[in-house]
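Protein chains: 2
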Amino acid sequence: MKKTVFIFGALVLALLTLFKLSKYSFVSGNTSIEFILAAIAIIFFVIGVMINRKVLHKNKTSGKEIDHKKITQLGLSKREYEVLCEIALGLSNKEIANKLFVSESTIKTHVSNILVKLGAKRRTQAIQIAKELKIISF
Amino acid sequence: MKKTVFIFGALVLALLTLFKLSKYSFVSGNTSIEFILAAIAIIFFVIGVMINRKVLHKNKTSGKEIDHKKITQLGLSKREYEVLCEIALGLSNKEIANKLFVSESTIKTHVSNILVKLGAKRRTQAIQIAKELKIISF
DNA sequence: AAACTACTCATACTAAAGTATGAAATCTTA
DNA sequence: TAAGATTTCATACTTTAGTATGAGTAGTTT
Chain A
20 MKKTVFIFGA
30 LVLALLTLFK
40 LSKYSFVSGN
50 TSIEFILAAI
60 AIIFFVIGVM
70 INRKVLHKNK
80 TSGKEIDHKK
90 ITQLGLSKRE
100 YEVLCEIALG
110 LSNKEIANKL
120 FVSESTIKTH
130 VSNILVKLGA
140 KRRTQAIQIA
150 KELKIISF
Chain B
20 MKKTVFIFGA
30 LVLALLTLFK
40 LSKYSFVSGN
50 TSIEFILAAI
60 AIIFFVIGVM
70 INRKVLHKNK
80 TSGKEIDHKK
90 ITQLGLSKRE
100 YEVLCEIALG
110 LSNKEIANKL
120 FVSESTIKTH
130 VSNILVKLGA
140 KRRTQAIQIA
150 KELKIISF
């Protein structure tokens, strides 16, 4: 809300400034009217883009931003979270082990811990839960 | 690409039209310069919003609309697609069997066919591929 | 130093997933 | 009706996933 007020304030200020500038250059005759018009067009084009981006940004939270707080709340360690991301990519335990340069049994340990912490019975369910908690990007 | 060219063409045309209008009104003195400036500001503001919306719209398709054509292209039957959706929800074969009132071996057969048709080795990978192909909602 | 946490690894086991093959019933389409 | 696709089910098998337990190492905190 504060940002919206600020943006509209800046918008009004820009408008008034351009009015004064246009009148001044109109009197002095130094600056061409085309330049003023082009400047206004560009400025308001940019303002339109920026405002629209901010508005649409709020509706785009789904599947993008990750809730890092929830990760620590669940007690997931760095390594466990890493493994969780690889699971979501569809890799097997052996493939994850090769990717992270550890043994498969290590990955199995991590996976077991992940399932307990997420309250999941299977890795596929863990993916679904992680999605709902917004702790993985998809 | 064609749309981009069209939009920029319209943009240039609008600019030129406003230039002529402003000069005409400047000579005749009927219309105030403020009105012209405000009109330019509003028009380019709207143009900025519209262009930005079109650009962002392409990135917002993720996780919403389902590509039904691709489902048939892959040769997935109704039942197989049903099973695929249940897999994505994190259910086990036995749970899917109970939900759809069939035996577990039937689900296994479906799953095997799904994996072949999607080119996946595991059900977790099938979920990932189905996501990328936009054939499941998530 | 001792306690704690995270990470690592192994072994042995159970459970689930996935493959291969064959077969029967249903439904659609030529 | 015959051919083809879909759905269903079973059995036997291999592979992967997941559990339980124990244990060693490294880094951090008290």
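Protein sequences, first through last, are from chains A and B. Numbering-wise, the first sequence is residues 20 to 157 according to our numbering. Numbering-wise, the second sequence is residues 20 to 157 according to our numbering. Just so you know, even glycine gets a beta-carbon here, dropped at the ideal spot from N, CA and C. None of these values were measured; they are calculated from a predicted model.
Please list, in chain order, the chain A residues whose beta carbon lies closer than 9 Å to that of residue i.
| i | result |
| --- | --- |
| B/Gln144 | Leu108, Gly109, Leu110, Ser111 |
Rounded to a whole number of angstroms, what is the C-alpha to C-alpha distance between residue i and residue j?
| i | j | result |
| --- | --- | --- |
| A/Arg142 | B/Ser111 | 10 Å |
| A/Gln144 | A/Thr91 | 20 Å |
| B/Lys118 | A/Val65 | 53 Å |
| B/Arg72 | A/Gln147 | 30 Å |
| B/Ser124 | A/Ile126 | 29 Å |
| B/Ala116 | A/Phe63 | 59 Å |
| B/Ile134 | B/Ser122 | The identity of residue 134 of chain B in the sequence shown is Leu, whereas the question assumes Ile. Rounded to the nearest angstrom, the two C-alpha atoms are 19 Å apart. |
| B/Ala139 | B/Asn132 | 10 Å |
| B/Lys129 | B/Ile85 | Checking the sequence shown, residue 129 of chain B turns out to be His, not Lys. Roughly 21 Å between the two C-alpha positions. |
| A/Leu108 | B/Val74 | 28 Å |
| A/Ser96 | A/Leu103 | 10 Å |
| A/Phe120 | A/Tyr100 | 16 Å |
| A/His87 | A/Arg98 | 14 Å |
| B/Phe157 | B/Gly67 | 31 Å |
| B/Lys150 | A/Ile70 | 31 Å |
| B/Leu152 | A/Lys136 | 30 Å |
| B/Ile154 | A/Ile155 | 20 Å |
| A/Lys113 | A/Ala58 | 60 Å |
Exposed or buried, residue i, counting other C-beta atoms within 10 Å across all chains shown (16 or more means buried)?
| i | result |
| --- | --- |
| B/Ile61 | exposed |
| A/Gly94 | exposed |
| A/Glu105 | buried |
| B/Lys89 | exposed |
Please check if any C-beta of chain A sits within less than 8 Å of the C-beta of residue i.
| i | result |
| --- | --- |
| B/Ala116 | no |
| B/Ala60 | yes |
Which chain B residues sit within Cβ distance under 8 Å of residue i?
| i | result |
| --- | --- |
| A/Val68 | Gly67, Val68, Ile70, Asn71 |
| A/Gln147 | Ala107, Leu108, Gly109 |
Who are the neighbours of residue i on chain A, taking C-beta pairs under 7 Å?
| i | result |
| --- | --- |
| B/Arg98 | Those within 7 Å of B/Arg98 in chain A number zero; the least Cβ separation is about 19 Å. |
Checking contacts by CB at 8 Å: is residue i closer than that to chain B?
| i | result |
| --- | --- |
| A/Lys136 | no |
| A/Phe120 | no |
| A/Ile154 | no |
Can you list the residues of chain B that residue i reaches, using a CB-CB cut of under 9 Å?
| i | result |
| --- | --- |
| A/Lys150 | Phe157 |
**OP:** Mind listing, in chain order, the continuous alpha helix (DSSP H) runs of no fewer than 4 residues lying wholly within the stretch 95-126 of chain A?
**Re:** 97-107, 112-119
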